[in-house]
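The sequence shown begins at 20 in our numbering and counts up by one.
Take a look at the structure below.
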Amino acid sequence: MKKSLWAALVTAGLLLSGGALGQVGDARILAARDALRSGDRDTLERLAAARDGHVLDPYVRYWLLTNKLARPESPPAAEIAEFLVNESGSQLAERLRGDWLRRLAKDGDWAGFAQAYPDLQAPDAELRCHARTARLMTGDSSVLSEVAAQWTELVDTPPACEPTLRGAVELGLVAEDDVWWRIRRQVEGRTPSAARPTLTWLPSAIPAIGEFDQAIRSPAQYLDRLPANFAVTRAGRELALAALARLARDDARGAYVRLLRLQDRLEAGERAYAYAVLGWQGALDQIPESNDWYRAAGDVPMSPQQRAWRVRSALRALDWPTVRSAIEALPAAERGLPEWTYWLGRALAAERKRIEADALYARIAGEPNLYGILAAEELGRPFAPPPAGDAATAEHLRQVDSDPGLQRALALYRLDMRTEGVREWNWALRGRDDGFAAAAARLALRHDIYDRAINTAERSSANANFELRYLTPYRDIVEPQVRNQGLDMSWVYGLMRQESRFVIPARSSVGAQGLMQVMPATGKWVANKIGLRGYQPGRLGDPETNVLLGTSYMRLILEGLDNHAVLASAGYNAGPGRARRWRDDKPLEGAIYAETIPFDETRDYVRKVMANTVIYAAMLEKRPQSLKARLGTIAPRTLDSAALDNEREPQ
Numbered sequence: 020m021k022k023s024l025w026a027a028l029v030t031a032g033l034l035l036s037g038g039a040l041g042q043v044g045d046a047r048i049l050a051a052r053d054a055l056r057s058g059d060r061d062t063l064e065r066l067a068a069a070r071d072g073h074v075l076d077p078y079v080r081y082w083l084l085t086n087k088l089a090r091p092e093s094p095p096a097a098e099i100a101e102f103l104v105n106e107s108g109s110q111l112a113e114r115l116r117g118d119w120l121r122r123l124a125k126d127g128d129w130a131g132f133a134q135a136y137p138d139l140q141a142p143d144a145e146l147r148c149h150a151r152t153a154r155l156m157t158g159d160s161s162v163l164s165e166v167a168a169q170w171t172e173l174v175d176t177p178p179a180c181e182p183t184l185r186g187a188v189e190l191g192l193v194a195e196d197d198v199w200w201r202i203r204r205q206v207e208g209r210t211p212s213a214a215r216p217t218l219t220w221l222p223s224a225i226p227a228i229g230e231f232d233q234a235i236r237s238p239a240q241y242l243d244r245l246p247a248n249f250a251v252t253r254a255g256r257e258l259a260l261a262a263l264a265r266l267a268r269d270d271a272r273g274a275y276v277r278l279l280r281l282q283d284r285l286e287a288g289e290r291a292y293a294y295a296v297l298g299w300q301g302a303l304d305q306i307p308e309s310n311d312w313y314r315a316a317g318d319v320p321m322s323p324q325q326r327a328w329r330v331r332s333a334l335r336a337l338d339w340p341t342v343r344s345a346i347e348a349l350p351a352a353e354r355g356l357p358e359w360t361y362w363l364g365r366a367l368a369a370e371r372k373r374i375e376a377d378a379l380y381a382r383i384a385g386e387p388n389l390y391g392i393l394a395a396e397e398l399g400r401p402f403a404p405p406p407a408g409d410a411a412t413a414e415h416l417r418q419v420d421s422d423p424g425l426q427r428a429l430a431l432y433r434l435d436m437r438t439e440g441v442r443e444w445n446w447a448l449r450g451r452d453d454g455f456a457a458a459a460a461r462l463a464l465r466h467d468i469y470d471r472a473i474n475t476a477e478r479s480s481a482n483a484n485f486e487l488r489y490l491t492p493y494r495d496i497v498e499p500q501v502r503n504q505g506l507d508m509s510w511v512y513g514l515m516r517q518e519s520r521f522v523i524p525a526r527s528s529v530g531a532q533g534l535m536q537v538m539p540a541t542g543k544w545v546a547n548k549i550g551l552r553g554y555q556p557g558r559l560g561d562p563e564t565n566v567l568l569g570t571s572y573m574r575l576i577l578e579g580l581d582n583h584a585v586l587a588s589a590g591y592n593a594g595p596g597r598a599r600r601w602r603d604d605k606p607l608e609g610a611i612y613a614e615t616i617p618f619d620e621t622r623d624y625v626r627k628v629m630a631n632t633v634i635y636a637a638m639l640e641k642r643p644q645s646l647k648a649r650l651g652t653i654a655p656r657t658l659d660s661a662a663l664d665n666e667r668e669p670q
């Protein structure tokens, strides 16, 4: 902002009423944000100096300090210390302390880092890694023993963790087998190149980086050209396993054929590992052989993903004894998750062990999630309309109205600074009781901030605040479209709640927009299908157009997917073509279909949409609801797949 413009704003503020002065204050905040984005330090300096008592004044000073921290010159340590004292306990103080610690780490000032770090309340993974390095660099070598003890928990770590991980290996605290274990886990992931640094930590027989790159980039060619003596060394066998793991991601059966050719030259544990990878990738591809591959893996140590898909592979095959044994073999923390508690109960029930099954169902029955609702239904309790009311008292309502953090959050929302508003809101709720959370949810609702109302209400008791957690805003827009499309209101709201939390300007990382998170390509396709004239992608931001296109798409994919809400929910998230391909050659229970969806995001999405649907139905219809009936049975896949039509569907 030019100096003359700022002066004009201040002059205008002095001449106008108090309300208008507040608007001038808003202009200063927005001008400071724009100056931060453009790197205009001079303007930031002027705006930070001209304080006017605005509730967001600390943000201008914070932005100025972050601008200074990003510059190569010496950081303003005294100014930072002053801000941390003045804003002690605030969300901005926490963020600035984190920014300051990153700068200290970048500068190699480990003594300064070690001094400042204890005051950070919620360090992220990178800062936790830097904290370990700071301990090591300031003479505390015991941190290396701690890293070695946590080795299996530190696979998916940022580069900042490498100094202490490498140090633990170099000190002999981590065995070579454990280094190879880490390399295998990294190769299995989405970015196998992350294993390149780890390879250099091996104490002996380090494979050539170029050979490793070839194994992960062209695995089929690498395996087909393996020299006859590849198995003479551990490195040679491990590179072959790496190639098998990468090939299995795209072609599990092709990897299996190649494993058969070379498995006799692998050690028993190496063969078992290869079959675990095949079982995992085959289960993701819904290949029937995956259950057999998992059996061939035996009890070889597996990653959490591999263990989970061993259960899902057996579920898909309706192999209840293996479902039971695979769940019982899970570590206690995983075994206690709602999904595995429920499916272990189902496996025991299949063995006619009803008492043991009911005991498991009782552990999670009543929790407002897919498996808590299903477990209660197994005990004869369909989901009933939850009672109204919450823990908020008049005192709680007074507290939230005067809470500085919540007031800053409301101001940020008013200025359409949603990301900052969410951070401020969530920070204000740290350590608060159920009553405060319920009152804050009501405060958000008064300001039509529906996502905060829902998320905040969910922080309190799991079985309270349903009228806040399952809102039905925009009914004047939604209800007519539900009637026109012949859809189930509960399903529409259940899906919309999951898509956007009723945030109109919501935009996903892949470009989906609005209340129903419609992708631009999908919007164009649906507009053509329904004959919407004059459609332009910009109209996705209009709530009425967004709901029209979203509900029309729901109807279209529902009609093309057997009029089954589970299939259509999966299709809405991942595309109807995938939803059809994920069916089986035999009829499949809807809950098993949902549990064996290979995309983590879509699996979680379908679970939540269907749980939302039955909760909304109970609240709207004011009578108990059966989730099992809604999940139903998924018909087998067919050659024609009941396609929407002959034109290409948006995916």
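Every residue gets a Cβ at the ideal spot worked out from N, C-alpha and C, and that includes glycine.
| query | result |
| --- | --- |
| Going straight from the alpha carbon of Ala593 to that of Glu358, what length do you get? | 22 Å |
| If we require 3 or more residues per run, which beta strand (DSSP E) segments fall completely within the segment 221-258? | none |
| When burial is assigned at 16 or more other CB atoms within 10 Å of the CB, is Ala100 buried or exposed? | exposed |
| What's the call for Gln205, buried or exposed, on a 16-neighbour Cβ count within 10 Å? | buried |
| Using only the alpha-carbon positions, how far apart do Thr157 and Met515 sit? | 52 Å |
| Just checking my contact of Asn582 with Met535 at CB under 8 Å: how many whole Å lie between their CB atoms? | About 20 Å separates the two Cβ atoms, so there is no contact after all. |
| Who are the Cβ neighbours of Met638 in its own chain at under 8 Å, not counting the five residues just before and after it? | Pro404, Pro405, Phe485, Glu486, Tyr489 |
| Cutting at 8 Å between CB atoms, please list the residues of its own chain near Pro177, excluding the five before and the five after it. | Ala144, Glu145, Cys148 |
| Quick one: complete alpha helix (DSSP H) runs, 4+ long, within the segment 313-400? | 323-335, 339-347, 351-354, 357-369, 373-383, 389-397 |
| Excluding the five sequence neighbours on either side, which residues of its own chain have a C-beta within less than 8 Å of the C-beta of Asp420, listed in chain order? | Leu462 |
| If you count every other CB in all the chains shown that lies within 10 Å of the CB of His466, and 16 or more means buried, which is it? | exposed |
| Count the C-beta pairs between the segment 494-506 and the segment 567-583 that are closer than 8 Å, then say yes if the count reaches three, no if not. | yes |
| Assign Gln205 to one of three DSSP states: helix, strand, or coil. | helix |
| Give the single residue among Asp45, Arg70, Thr85, Val441 whose Cα lies nearest to the Cα of Asp2. | Nothing about residue 2 can be read from this structure; the chain reaches only from 20 to 670. |
| Using only the alpha-carbon positions, how far apart do Ile611 and Asn631 sit? | 18 Å |
| What residues are listed by DSSP as bridge partners for Phe402? | Gln644 |
| State the start and end residues of the unbroken alpha helix (DSSP H) segment that holds Gly301. | 287-303 |
| Can you find the residues in the same chain that come closer than 6 Å, C-beta to C-beta, to Ile634, ignoring five residues on each side of it along the sequence? | Tyr489 |
| Determine the direct distance from the alpha carbon of Glu620 to that of Gly533, and round the result to whole angstroms. | 19 Å |
| If we ignore side chains and look at the alpha-carbon of each, how far apart do Pro238 and Leu260 end up? | 10 Å |
| Quick check: the Cα distance between Asn445 and Gly424, rounded to an integer number of angstroms? | 9 Å |
| Find out if the Cβ-Cβ distance for the pair Ala316, Gly288 is shorter than 8 Å. | no |
| From the DSSP output, in three-state form, read off Arg461 for me. | helix |
| DSSP three-state label for Ala654, please. | coil |
| Jot down the residue ranges of each uninterrupted alpha helix (DSSP H) in the segment 521-574, minimum 4 residues, whole runs only, in chain order. | 539-549 |
| How many angstroms separate the CA atom of Leu218 from the CA atom of Pro226? | 7 Å |
| On the premise that Ala531 lies in contact with Val537, defined as a C-beta separation below 8 Å, what is that separation, rounded to the nearest angstrom? | 6 Å |
| What would DSSP say about Gln42, mapped onto helix, strand or coil? | The predicted position of Gln42 is uncertain, since its pLDDT is 47 and thus under 50; a value taken from the coordinates is nonetheless stated next. Three-state result, Gln42: helix. |
| In whole angstroms, what separates the C-alpha of Ile473 from that of Gly513? | 13 Å |
| Run the CB neighbour count on Glu230, radius 10 Å, all protein chains shown included, and call it buried at 16 or more, exposed below. | exposed |
| I need the straight-line Cα distance from Ala394 to Gly385, nearest angstrom please. | 8 Å |
| Alpha carbon to alpha carbon, how far is Lys16 from Ala352? | No answer is possible for residue 16: it lies beyond the span of the chain, which begins at 20 and ends at 670. |
| Between the alpha carbons of Ala348 and Ser164, how many angstroms are there, rounded? | 28 Å |
| For Leu674 versus Ala167, is the C-beta spacing smaller than 8 Å? | With the chain represented from 20 up to 670, any question about residue 674 goes unanswered, as that position is not in the structure. |
| Rounded to a whole number of angstroms, what is the C-alpha to C-alpha distance between Gln325 and Arg203? | 13 Å |
| Could you give the residue range of the alpha helix (DSSP H) that holds Trp444? | 437-447 |
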